[in-house]
Each structure stands twice: as C-alpha cells, then as structure tokens.
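Numbering (my numbering), first residue to last: 155 to 397.
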C-alpha cells in the first residue's frame with residue numbers, strides 16, 4: 155500500500171529560511187522508512203535562488219529571442235543564463251538543456267508561486283546536494299525527492315519529475331527478469347523517483363502551500379546511503395531522440 159500525506163501549515167518560504175525546521179514544525183512524523191517529496195520552489199526560495207526582473211539587463215540575443223517569441227527580454231536573459239544549451243525556440247517556448255542535464259521549458263526558470271510580482275525562481279544549483287542536506291537535517295532521515303513539473307515529448311500536460319534525490323533508488327531495472335508469463339524483459343526500467351514525484355503531486359494543492367508530501371510504502375526502494383542522486387534518470391545525449 156502507498157500512503158501519501160501533504161504536510162500542512164508551511165508558511166511562505168524566504169531566502170535563508172531553515173526548510174528542515176519549517177517541515178519539522180508541521181508536527182508530521184518522519185521515519186527512515188518514509189520518503190519526503192518536496193517541490194523545488196520552496197528549496198530554491200530557501201537557498202535564495204531568486205532573481206528580480208528589475209535587476210536584469212538583457213543582452214542582444216535575449217532581446218532578439220524575446221521579440222521573436224513575444225516574451226519579456228529580461229526573463230529571456232535569465233533563461234539563457236541558466237541554460238547550457240538552447241535546444242529549440244518555437245511558439246513562445248524556449249526548450250533548454252540545463253547545467254544539470256535536464257531538458258525543459260525555460261531552463262526551469264519560473265514565475266509561478268514567486269512572492270513578488272516581478273520575481274523569477276530558478277532551479278537549485280545542485281538539487282541532489284539540496285536533497286542530501288535536507289535528509290540529513292530531518293528527524294528519522296527519510297529519503298528525499300525534490301521535484302519540478304516538466305512537459306513531456308510524447309504526451310500533453312505536465313507531470314512532476316525528480317530533479318534531486320537522496321536515499322531512494324532512482325530506477326528499478328527489470329531487464330533480464332521474467333514477466334508473469336516467463337518471458338524475459340528487455341526494456342523495462344521503472345523510474346521510481348519520477349513515479350514518487352508524480353504520485354505526490356496528486357495530493358498537494360498548487361495554490362494551497364502544500365509543497366511537501368510524505369510518502370509511505372516505498373521502503374524497498376530506500377537506501378541507507380544517499381545513493382547516486384538523479385543522474386541515472388538523465389538520458390544521455392547520444393540517446394536523446396529529440397535533440
């Protein structure tokens with residue numbers, strides 16, 4: 155059985171806040187058998203990964219892209235600064251590869267849930283390190299998954315995925331094992347951390363300050379060490395069919 159509980163009562167997170175202490179203050183029990191799934195926005199806010207548009211001076215490339223795609227050139231400048239590669243610009247969308255290897259819209263730069271009207275929220279510099287630090291600071295040391303919402307090349311709509319992982323096996327490889335009919339599986343690798351991220355999103359409100367969810371029932375995927383992080387989930391460039 156999988157049990158999901160959105161943590162209540164988290165306040166607006168500000169730069170410098172101790173996110174672990176805010177989570178502890180909710181009074182929610184956390185054990186080593188639990189997985190805590192946290193939306194990256196609160197992690198980024200606590201780490202000060204915020205940019206005020208008033209402080210941004212767009213360069214020539216940002217101004218041109220903004221004119222071509224109907225966007226704020228200051229916003230585009232921040233996107234470009236966060237992108238390791240601009241993969242595609244089309245229809246007002248800037249699809250980028252981040253320094254982490256993620257391929258997503260606007261290099262993960264987002265304005266939703268920002269505390270100020272002209273403020274942007276960036277991805278954590280190292281989401282795995284953020285997940286490890288949060289795990290170490292929480293009682294019970296639960297596994298931690300940090301998430302963001304990504305579009306998907308083959309599907310409509312957005313889905314939460316893991317961008318930082320500590321203490322949870324990110325993948326479960328069934329290749330070489332038999333299916334229920336005894337046939338050998340050749341391609342089945344289950345994205346455990348992404349599935350935990352997506353499941354957690356079902357019980358938290360996008361507009362109700364419930365960025366953290368306790369997930370119970372994933373014990374067999376939890377590890378005592380922090381593990382490899384999110385890297386195994388990032389598709390290699392040579393295997394990227396959409397690059």
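We put the beta carbon where it would ideally sit given N, CA and C, even for glycine.
Residue interval of the alpha helix (DSSP H) (run including residue i)
| i | result |
| --- | --- |
| residue 176 | 173-178 |
| residue 261 | Residue 261 -> no alpha helix (DSSP H), and no H or E assigned at all. |
| residue 376 | Neither: residue 376 is in no alpha helix (DSSP H) and is coded neither H nor E. |
| residue 196 | 194-200 |
Member of the options whose CA lies at the smallest distance from the CA of residue i
| i | options | result |
| --- | --- | --- |
| residue 248 | 255, 184, 259 and 212 | 259 |
| residue 326 | 310, 303 and 350 | 350 |
| residue 196 | 164, 209, 357 and 178 | 164 |
| residue 230 | 263, 377, 319 and 185 | 263 |
| residue 253 | 278, 265 and 269 | 278 |
| residue 303 | 210, 157, 324 and 356 | 356 |
| residue 319 | 287, 160 and 334 | 287 |
| residue 233 | 188, 212, 368 and 391 | 212 |
| residue 395 | 307, 332 and 268 | 307 |
| residue 346 | 175, 340, 383 and 379 | 383 |
| residue 243 | 216, 269 and 178 | 216 |
| residue 312 | 324, 352 and 172 | 352 |
| residue 378 | 300, 295 and 220 | 295 |
| residue 380 | 271, 166, 207 and 283 | 283 |
| residue 142 | 370, 275, 198 and 281 | The first residue shown for the chain is 155 and the last is 397, placing residue 142 beyond what the model contains. |
For residue j and residue i, the rounded distance between their alpha carbons
| i | j | result |
| --- | --- | --- |
| residue 338 | residue 328 | 9 Å |
| residue 365 | residue 322 | 19 Å |
| residue 223 | residue 256 | 22 Å |
| residue 228 | residue 298 | 33 Å |
| residue 290 | residue 176 | 15 Å |
| residue 157 | residue 182 | 14 Å |
| residue 367 | residue 358 | 7 Å |
| residue 180 | residue 335 | 47 Å |
| residue 194 | residue 219 | 27 Å |
In DSSP terms, what residue i is bridged to
| i | result |
| --- | --- |
| residue 309 | 306 |
| residue 226 | DSSP lists no partner for residue 226. |
| residue 252 | 237 |
| residue 273 | 206 |
| residue 367 | 160 and 191 |
| residue 242 | 249 |
Endpoints, beta strand (DSSP E) assigned at residue i
| i | result |
| --- | --- |
| residue 384 | From DSSP, residue 384 is part of no beta strand (DSSP E); its letter is neither H nor E. |
Cutoff 8 Å: residue i Cβ touching any chain B Cβ
| i | result |
| --- | --- |
| residue 201 | No chain B is part of this structure, which consists of one protein chain only. |
Residue i CB to nearest heavy atom of the ligand ZN below 7 Å
| i | result |
| --- | --- |
| residue 265 | Absence of the ligand ZN from the depicted structure is noted, as is the absence of any ligand whatsoever, leaving it without description. |
4-residue-minimum alpha helix (DSSP H) runs that sit fully inside the segment 281-355, ordered along the chain: Every alpha helix (DSSP H) stretch that sits fully inside the segment 281-355 and reaches 4 residues is listed by chain position as 281-291 and 346-355.
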